[in-house]
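Here is the structure we will look at.
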Amino acid sequence: MPGTKNNRRVQMTKLIIQSSLIELLKKKLLSAITVTELCKLADVNRATFYAHYQDIPDCMRAMEQETTQKLLTIINRRTSPDSLKNVLTSILEVVKKRSAVALFVLTDDPKFLTEFLTNAKSEILKNDQEIQDYDFKNKAEEHYMFEYCLNGIIGSVRYWLKTGLKESPEELASYIYKWGYGRNGLHFSSKN
759 MPGTKNNRRV QMTKLIIQSS LIELLKKKLL SAITVTELCK LADVNRATFY AHYQDIPDCM
819 RAMEQETTQK LLTIINRRTS PDSLKNVLTS ILEVVKKRSA VALFVLTDDP KFLTEFLTNA
879 KSEILKNDQE IQDYDFKNKA EEHYMFEYCL NGIIGSVRYW LKTGLKESPE ELASYIYKWG
939 YGRNGLHFSS KN
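Residue numbers (my numbering): 759 to 950.
Now the structure itself:
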C-alpha cells in the first residue's frame, strides 16, 4: 500500500543504510562513523537517513533489535532436546550473516549484550524442558550453571567472529553441542 511506513521502498532504503553501516563497522568504530560518510556510502541523502533514524547509534540499535528478534524466534522454536544442535546452527547462521553487528554487540556494546542475554536466558529457562527437569539443589545452582554454559557459548562465538568465521555454523554448533551435551559434556538427569 502506498504511503504505509513499511512499504517495500522504505524497507529497501533501511536495508541499504544498514548494510552500509555494517561495511563501515568493518573498518572503524561506531563512534567514528559520521552520518555524512554513511549517506555517501549508501548513496542516500541526509534527509533520507534522518527520516528513518535519529543518529548512527539509533540505526545500530535498530539492527541490534532486529537481530535479537530473529535470535529469540529461533530459541523459541526449539521443540525437543535433539533440536538443540539445529537451534545452535540456526543462531550461528544469523550471527554469520550479521557478523559485523554480532561482533559489535559481543565486544563493544555490553549494555545491549546484557539485555539480550537476560531475554534469552528468560526464554530458555521458561521453555527448555531439559533444564526444567534437571534436579538442581536450588535456584542459585541453576543460575550458575546457566551462566557458565551461556558465557562459554558467547566466548566461543566471539572467538569465531574475531578469527574470521573459518568454521561453518554447523561445525561450531557441533563443537558447542559436544562440549555441552556430548559424551564428555553436561548430562541432565531427570528429577524422577
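For glycine and all other residues, C-beta sits at the position ideal for the given N, C-alpha and C.
Because the structure is a prediction, the values reported are computed rather than measured.
Anyone know if the C-beta pair for L861 and L919 falls short of 9 Å?
yes
Let's see if you can read the secondary structure: which residues bound the alpha helix (DSSP H) around T825?
I814 to N834 is the extent of the alpha helix (DSSP H) around T825.
Taking only the alpha-carbon atoms, compute the straight-line gap between G922 and D893 and give it to the nearest angstrom.
39 Å
Measure the CB-CB distance between R958 and M821 and report whether it falls below 9 Å.
In the structure as shown, the chain begins at 759 and stops at 950. Residue 958 is therefore absent and cannot be evaluated.
How far does the alpha helix (DSSP H) with A805 in it reach, from first residue to last?
Its alpha helix (DSSP H) spans residues R804 to H810.
Continuous alpha helix (DSSP H) stretch holding E925: start and end
Neither: E925 is in no alpha helix (DSSP H) and is coded neither H nor E.
Taking only three categories from DSSP, how would you classify K855?
helix
By the three-class DSSP mapping on this structure, what secondary structure does N909 have?
helix
L751, buried or exposed, once every other Cβ within 10 Å from all chains shown has been counted against 16:
No answer is possible for residue 751: the residues shown for the chain start at 759 and end at 950.
Cα separation between D866 and L773?
Answer to the nearest angstrom: the Cα atoms are 22 Å apart.
Quick one, which of T825, I791, L783 and C817 has its alpha-carbon nearest F874's?
T825
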